[in-house]
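Trainee: Just so you know, we're using this note's numbering here: the sequence shown kicks off at 172 and counts up by one. Using N, Cα and C, we set each Cβ at its ideal position, and we do this for glycine too. Quick caveat: nothing in here was measured; it's all calculated off a predicted structure.
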Amino acid sequence: MGMIMGGKSWEEPDWYGGVNSRTPIENDEEVRPSFSMEVAGLLKYVTAKCPEKLEADTLGHMLMDCARTSFYNNGDPKRPPYFQLAVPEDWVKNVKGDSKFQDVYVMVRIPIEELKKWKEATKVVIPTQEEIKQSSEIFRG
172 MGMIMGGKSW EEPDWYGGVN SRTPIENDEE VRPSFSMEVA GLLKYVTAKC PEKLEADTLG
232 HMLMDCARTS FYNNGDPKRP PYFQLAVPED WVKNVKGDSK FQDVYVMVRI PIEELKKWKE
292 ATKVVIPTQE EIKQSSEIFR G
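(1) I need the straight-line Cα distance from Ser306 to Ile297, nearest angstrom please.
(2) Pairs of beta-carbons, one from the region 248 to 265 and one from the region 228 to 238, closer than 8 Å: are there three or more?
(3) Using the C-alpha atoms, what's the distance from Ala211 back to Glu302?
(4) Suppose you measure from the CA of Thr299 to the CA of Asp247; what does that come to, to the nearest Å?
(5) Would you give the residue range spanned by the beta strand (DSSP E) that Leu256 belongs to?
(6) With a floor of 3 residues, list each beta strand (DSSP E) that falls wholly inside the region 244 to 284, ordered by position along the chain.
(7) If you reduce the DSSP assignment to three classes, tell me which class Leu234 lands in.
(8) Using 8 Å as the cut-off, can you tell me whether the region 207 to 227 makes contact with the region 261 to 279, which would need three or more C-beta pairs spanning the two stretches below that distance?
(9) Can you grab the Cα-Cα spacing for the pair Ile283 / Lys304, in whole Å?
(10) With a threshold of 8 Å between beta carbons, is Tyr216 in contact with chain D?
(11) If you drop the 5 nearest sequence neighbours on each side, which residues of the same chain put their C-beta closer than 7 Å to that of Lys249?
(12) Could you tell me whether any non-hydrogen atom of the ligand SAH is closer than 7 Å to the CB of Asp261?
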């Protein structure tokens with residue numbers, strides 16, 4: 172996802188460039204749609220062909236810290252907004268290693284309206300702790 176700092180945005184990392192490919196671009200709209208479509212295509216392929224290889228978790232489970240944009244008194248951005256995530260050690264090793272062997276890490280945003288529609292369509296019911304306790308007692312004996 173593009174990051175905006177000081178009125179310019181930085182290009183998303185390419186598949187093999189990892190964190191080292193940050194090239195300023197004047198118009199973010201020219202880059203974002205094609206990059207997003209590539210990511211969407213990749214996600215569709217992986218979920219269809221090899222879903223067991225896809226690792227996913229919610230941002231809330233990994234979030235250690237976050238902050239909104241910090242500004243100087245004159246209104247210029249001092250620091251961009253950020254998320255600080257706790258991730259598995261092998262992810263860090265992979266990102267810091269040789270770029271030819273890096274996996275692709277993608278941040279996906281699903282609007283809350285779509286989550287509600289999905290829950291309604293699939294009738295996902297998350298049992299309470301009490302319901303779990305009662306059902307486990309039934310199976311014990």
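Mentor: Based on what the coordinates show:
(1) Against the sequence shown, residue 306 aligns to sequence position 135. Against the sequence shown, residue 297 aligns to sequence position 126. Approximately 13 Å between the Cα atoms of the pair.
(2) yes
(3) For the purposes of this step, residue 302 is taken as the residue at position 131 of the sequence shown. For the purposes of this step, residue 211 is taken as the residue at position 40 of the sequence shown. If you take the alpha carbons of Glu302 and Ala211, they lie about 37 Å apart.
(4) Taking the first residue of the sequence shown as position 1, residue 299 is located at position 128. Taking the first residue of the sequence shown as position 1, residue 247 is located at position 76. Cα to Cα, Thr299 sits roughly 48 Å from Asp247.
(5) By 1-based counting over the sequence shown, the position of residue 256 is 85. 253 to 256 is the extent of the beta strand (DSSP E) around Leu256.
(6) 248 to 250, 253 to 256
(7) Looking up residue 234 in the sequence shown gives position 63. In the three-state scheme derived from DSSP, where H, G and I count as helix and E and B as strand, Leu234 is classed as strand.
(8) yes
(9) Locating residue 283 in the sequence shown gives position 112, counting from the first residue. Locating residue 304 in the sequence shown gives position 133, counting from the first residue. Whole-angstrom Cα-Cα distance: 30 Å.
(10) Given the protein chain composition of this structure (a single chain), no chain D is represented.
(11) Residue numbering aside, residue 249 sits at position 78 when the sequence shown is read from its first letter. Hits under 7 Å: Ser241, Phe242, Tyr243.
(12) Absent from the structure shown: the ligand SAH. Ligands present: none.
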